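Chemist:
Residue numbers (this note's numbering): 40 to 404.
#1: Is it right to say residue 157 is buried, meaning 16 or more other beta carbons lie within 10 angstroms of its own, or is it exposed?
#2: Only counting runs of 4 or more residues, tell me where the alpha helix (DSSP H) segments fall wholly within the region 101-128, in order along the chain.
#3: Of all the options 303, 301, 291, which has the alpha carbon lying nearest to the alpha carbon of residue 315?
#4: Whole angstroms is fine: what's the gap from residue 217's alpha carbon to residue 129's?
#5: Name the one or two DSSP bridge partners that residue 12 has.
#6: Can you look up residue 189 in the DSSP assignment and give me helix, strand or coil?
#7: Any idea what DSSP makes of residue 284, helix, strand or coil?
#8: Ordered along the chain, which non-local residues of its own chain (more than five positions away) have a Cβ less than 7 Å from that of residue 159?
#9: Use the C-beta contact count for residue 238: other C-beta atoms within 10 angstroms, 16 or more gives buried, fewer gives exposed.
#10: Helix, strand or coil for residue 70 per DSSP?
#11: Going by DSSP in three states, residue 194 sits in which element: helix, strand or coil?
#12: If we call anything under 9 Å between Cβ atoms a contact, is residue 127 one with residue 42?
#13: Relative to the C-alpha of residue 50, which candidate in 94, 149, 85 has its C-alpha closest?
#14: Taking just the CA atoms, how far does residue 93 sit from residue 118?
#15: Straight-line CA distance for residue 303 to residue 125?
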């Protein structure tokens with residue numbers, strides 16, 4: 040589905056449907072006076088605004104005491120949109136409508152707007168019925184309360200007074216609103232891509248840790264001799280782990296780059312320069328050999344003899360002689376092959392290194 044995806048929300052009777060019709064330049068939604076006319080849910084209205092394809096989701100009105108139910112449904116709605124890999128299907132921004140006839144913005148509305156901001160969306164705050172008496176002052180008050188710049192809108196032409204005192208208020212604010220929508224969408228995009236990438240990177244690293252641990256367990260089981268592994272074999276395993284991380288990093292970086300590139304193509308005003316992700320930057324996946332104290336050959340060979348069950352066949356007084364004989368006659372030719380590291384300890388050190396989470400990765404946008 041092409042175009043910007045926008046949700047129009049606000050209390051019942053603030054003029055959401057009238058605003059929608061004003062934006063599209065044609066009747067797209069039923070209009071009522073001070074009563075809910077939009078059924079519960081988010082209803083798609085397709086059209087064009089200033090030459091751009093736009094999909095507006097008209098929502099049912101917010102009501103005091105029911106805002107938590109509304110927020111939960113909105114959160115579910117936007118989450119479903121955000122899970123899409125295609126950025127064109129995301130919910131790109133929200134227009135929050137407040138009536139210019141009101142005396143104040145209600146607490147539950149402030150809570151709702153803040154909840155939307157926490158979803159990495161930059162809501163556009165519109166003061167409808169902007170030709171009402173006091174609407175401009177009210178708009179300025181809302182600016183201060185929310186810390187954002189609101190937009191005054193008058194949706195329809197209105198005639199006031201009679202005879203010589205008759206005045207006509209023309210619709211206004213559409214051009215400013217369209218500009219604000221584009222800017223808000225662009226800002227939201229940058230925040231939401233970063234948020235999406237952070238989430239994906241954290242998830243990918245978690246999966247990669249499991250894979251590395253399983254790979255190490257498997258490789259140690261293959262090469263260990265009576266619970267010990269040679270440095271030669273461990274070096275080979277380390278190279279294999281490095282290769283796995285590089286391969287995963289290459290595939291994953293291409294995945295994220297595809298999302299960023301599509302975003303750049305869709306939002307002409309948003310520049311996504313590059314995406315650099317290094318999954319191994321803070322993943323300590325070395326075997327930690329330098330941290331493991333090396334046993335001397337005599338101790339290791341004694342362990343091998345004991346583990347092999349040969350100890351029962353050799354008189355206790357002869358054990359040292361047997362060990363030194365083995366070292367004397369065999370060690371010079373097979374010293375590099377002698378198991379020097381406990382496989383169990385290598386795995387323990389390796390897993391301990393992978394536990395800390397310091398960063399989620401390096402992202403440049």
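The beta carbon of each residue, even a glycine, is placed where N, CA and C say it ideally should be. Please read all numbers here as calculations on a predicted model, not as lab measurements.
Modeler: So, from the listed chains and residues:
#1: Numbered from its first residue, the chain shown carries residue 157 at position 118. Exposed, since its Cβ has fewer than 16 Cβ neighbours within 10 Å.
#2: 106-121
#3: Within the chain shown, residue 315 is the residue found at index 276, counting from 1. Taking the Cα of residue 315 as reference, the smallest distance to any Cα among 303, 301, 291 is reached at 291.
#4: Position 178 of the chain shown, counting from 1, holds the residue named residue 217. Position 90 of the chain shown, counting from 1, holds the residue named residue 129. Residue 217 and residue 129 have their C-alpha atoms spaced approximately 18 Å apart.
#5: Since the first residue shown for the chain is 40 and the last is 404, residue 12 is missing from the structure and cannot be characterised.
#6: For the purposes of this step, residue 189 is identified with residue 150 of the chain shown, where counting begins at 1. Judged by DSSP in its simplified three-state form, residue 189 adopts coil rather than helix or strand.
#7: Taking the first residue of the chain shown as 1, we reach residue 284 at position 245. Three-state result, residue 284: helix.
#8: Taking the chain shown and counting its residues from 1, one reaches residue 159 at position 120. If we look at residue 159 and ignore the five residues flanking it on each side, its Cβ neighbours are 227, 230, 231, 234.
#9: Looking up residue 238 in the chain shown gives position 199. Flag for residue 238 reads exposed.
#10: Position 31 of the chain shown, counted from the first residue, corresponds to residue 70. Any reading at residue 70 needs caution, since the residue's pLDDT is 48, under 50, leaving its predicted position unreliable; the model's value is listed next. Three-state result, residue 70: coil.
#11: Indexing the chain shown from 1 puts residue 194 at position 155. Looking at residue 194 - three-state DSSP - the assignment turns out to be coil, as it is neither helix nor strand.
#12: For the purposes of this step, residue 127 is identified with residue 88 of the chain shown, where counting begins at 1. For the purposes of this step, residue 42 is identified with residue 3 of the chain shown, where counting begins at 1. In contact: residue 127 and residue 42 (Cβ atoms closer than 9 Å).
#13: Numbered from 1 along the chain shown, position 11 holds the residue referred to as residue 50. Of the candidates 94, 149, 85, the one whose C-alpha sits nearest the C-alpha of residue 50 is 149.
#14: Against the chain shown, residue 118 aligns to sequence position 79. Against the chain shown, residue 93 aligns to sequence position 54. About 20 Å.
#15: Counting from 1 along the chain shown, the entry for residue 303 is found at position 264. Counting from 1 along the chain shown, the entry for residue 125 is found at position 86. Residue 303 and residue 125 have their C-alpha atoms roughly 12 Å apart.
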